[in-house]
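Residue numbering for the sequence shown follows my numbering, beginning at 1 and increasing consecutively. Beta carbons are placed, not taken as given, at the ideal position from N, Cα and C, and that holds for glycine.
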Amino acid sequence: MHEIICPHCKKAFKVDEAGYADILKQVRDSEFEQQLHERLELAERDKQNAVELAKNKLSSDMQKAATAKDAEIQNLKAKLDAGEVSQKLAVVEAVTTVEKERDELRNSLKQVELQKQLTEKSLKEKYETQIKDRDDAIERLRDMKARLSTKMVGETLEQHCETEFNRIRSTAFPHAYFEKDNDARTGSKGDYIFRDTDEAGTEIVSIMFEMKNESDTTATKKKNEDFLKELDKDRTEKECEYAVLVSLLEPDSELYNSGIVDVFHRYPKMYVVRPQFFLPIITLLRNAAMKSLEYKAELALVKAQNVDITNFENDLGTIKTAVAKNFDLASRKFQTAIEEIDKSIDHLQKTKDALLGTDRNFRLANNKLQDVTIKKLTRHNPTMATKFEELNDE
1 MHEIICPHCK KAFKVDEAGY ADILKQVRDS EFEQQLHERL ELAERDKQNA
51 VELAKNKLSS DMQKAATAKD AEIQNLKAKL DAGEVSQKLA VVEAVTTVEK
101 ERDELRNSLK QVELQKQLTE KSLKEKYETQ IKDRDDAIER LRDMKARLST
151 KMVGETLEQH CETEFNRIRS TAFPHAYFEK DNDARTGSKG DYIFRDTDEA
201 GTEIVSIMFE MKNESDTTAT KKKNEDFLKE LDKDRTEKEC EYAVLVSLLE
251 PDSELYNSGI VDVFHRYPKM YVVRPQFFLP IITLLRNAAM KSLEYKAELA
301 LVKAQNVDIT NFENDLGTIK TAVAKNFDLA SRKFQTAIEE IDKSIDHLQK
351 TKDALLGTDR NFRLANNKLQ DVTIKKLTRH NPTMATKFEE LNDE
């Protein structure tokens, strides 16, 4: 335990090792920001001094050159006044040449001044960009510190995430399950499992969470990548759709400090986030799953309709098969009945022909019977002729 005296109320209070280390870290952060601010101010003053020195030197060189040329012109003019006409002409020519050189020198000086201005502007923009980058980095660190410091004091990362979720559970996730993973039957377990369902009980999305924090006093610093393989294994065994590592490891990493980081190139459907993105990642995945659920419902409806159509076609095919079978049986029986009828007709025709033949024979017999007389019968039978004559006599 350490004893600390408040500089305002002069009251002494004790803090444990973790709290004392956190206070020292805050003091170091404050000193770092002060030193960074002082170094930036010193760099800005050095830049301004260098620019002013360059401007003064260039102005002095230009002044010296102009003074020298003016002196030379005055000297030539003096010679022109004192000399002969030829000398005057020579001096005029020389003056013209000198003036031309002076004009060229002035143009060159203008170009140098323009180049100086461009260089100065480039240096200014470079320093402003560096200062802006540093300011942005400081602002990101301050923002992360402001978000985390007040929340993380006195509670673990798991407690922080659980508290944040329960704070909005009733309004944002009324049907959600968010509890610690206590099932270690497979040999390992994650920290928390999130599952959300709709009013009908259909699962919308499921997430396996792992929370990782590391004290400043830890001897061996862990990396986020050290925990991804085990997290993917837990996600698969607990049948969760997504896996999320909520981490405070690697605090100086620009990658993990930039926002929500997907690591799909290593493990499918896995993200690494800072604690301030704990609720946004849940909301993001849930909203995406809700849209996917709509597509799934539409697809299920289309599949159900296709199943209905398939069943209808199958039923129609069954009916067609049964009707065809019955038609085939009826057709065969009908054909048999036709054949039997034809046989009966043929039999009846033969009977008819036989009856007709009998009738003809009856008629012939009747005709022959009608033609029979006693005289014909007794023509060759004298005995019967005698008998009939006796009967007639009687």
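Mind checking who residue i pairs with in its DSSP beta bridge?
i, result
"tyrosine 400", "Lying before the first or after the last residue shown, residue 400 is absent from the chain, which here runs from 1 to 394."
"alanine 243", "Met208 and Met270"
"tyrosine 192", "Lys180 and Phe209"
"threonine 197", "Glu203"
"isoleucine 345", "Note: isoleucine 345 sits in no beta bridge, so no partner."
By the 10 Å Cβ neighbour count, where 16 or more other Cβ atoms means buried, how is residue i classified, buried or exposed?
i, result
"isoleucine 319", "exposed"
"glutamate 162", "buried"
"aspartate 191", "buried"
"phenylalanine 194", "buried"
"tyrosine 242", "buried"
"serine 122", "exposed"
Would you say residue i and residue j are within 8 Å of each other, going by their C-beta atoms?
i, j, result
"leucine 245", "lysine 222", "no"
"arginine 266", "leucine 299", "no"
"alanine 54", "lysine 110", "no"
"arginine 274", "tyrosine 256", "yes"
"methionine 208", "cysteine 240", "yes"
"serine 206", "asparagine 224", "no"
"leucine 40", "arginine 134", "yes"
"glutamate 164", "phenylalanine 278", "yes"
"isoleucine 131", "valine 95", "no"
"glutamine 64", "arginine 102", "Here residue 64 turns out to be lysine, not glutamine, going by the sequence shown. No, the pair does not count as a contact, with Cβ atoms beyond the cut-off."
"lysine 238", "aspartate 328", "no"
"arginine 169", "alanine 176", "yes"
"leucine 58", "valine 112", "yes"
Note down, in chain order, each residue of its chain lying with its Cβ closer than 6 Å to the Cβ of residue i, except the 5 sequence neighbours on either side.
i, result
"leucine 157", "Met211 and Asn213"
"threonine 150", "Bear in mind that a pLDDT of 39 at threonine 150, under 50, signals an unreliable position, so the model cannot answer this."
"valine 51", "Glu120"
"alanine 43", "none"
"aspartate 262", "Tyr271"
"alanine 146", "Unreliable positioning characterises alanine 146 in this predicted model, as indicated by a pLDDT of 49, which lies under 50. The coordinate reading is nonetheless provided below. Cβ within range, chain order: n/a, list empty."
Pick helix, strand or coil for residue i, following the three-state DSSP scheme.
i, result
"isoleucine 260", "coil"
"serine 253", "coil"
"arginine 185", "coil"
"phenylalanine 227", "helix"
"leucine 42", "helix"
"phenylalanine 173", "coil"
"histidine 380", "coil"
"glutamate 214", "coil"
"leucine 248", "coil"
"histidine 265", "coil"
"lysine 69", "helix"
"threonine 156", "coil"
"lysine 238", "coil"
"lysine 221", "coil"
Suppose the cutoff is 7 Å on Cβ atoms and the five residues either side in sequence are ignored; what does the same chain contact list for residue i look like?
i, result
"isoleucine 204", "Asp196, Thr197, Asp198, Arg286, Ala289, Met290 and Leu293"
"serine 188", "Glu230, Lys233 and Asp234"
"methionine 62", "Leu109"
"isoleucine 281", "Val244, Ile260, Tyr271 and Val273"
"phenylalanine 173", "Asp196"
"histidine 347", "none"
How about residue i: is its Cβ closer than 7 Å to a heavy atom in the ligand MN?
i, result
"asparagine 182", "The ligand MN is not part of this structure, which contains no ligands at all."
Go through its chain and collect everything with a Cβ distance to residue i's Cβ below 8 Å, but skip five positions before and after it.
i, result
"glutamine 48", "none"
"threonine 283", "Ala172"
"aspartate 183", "Lys189 and Lys238"
Flag residue i as yes if its beta-carbon sits less than 8 Å from any beta-carbon of chain B, otherwise no.
i, result
"aspartate 70", "Considering every chain present, this structure includes no chain B. It has just one protein chain."
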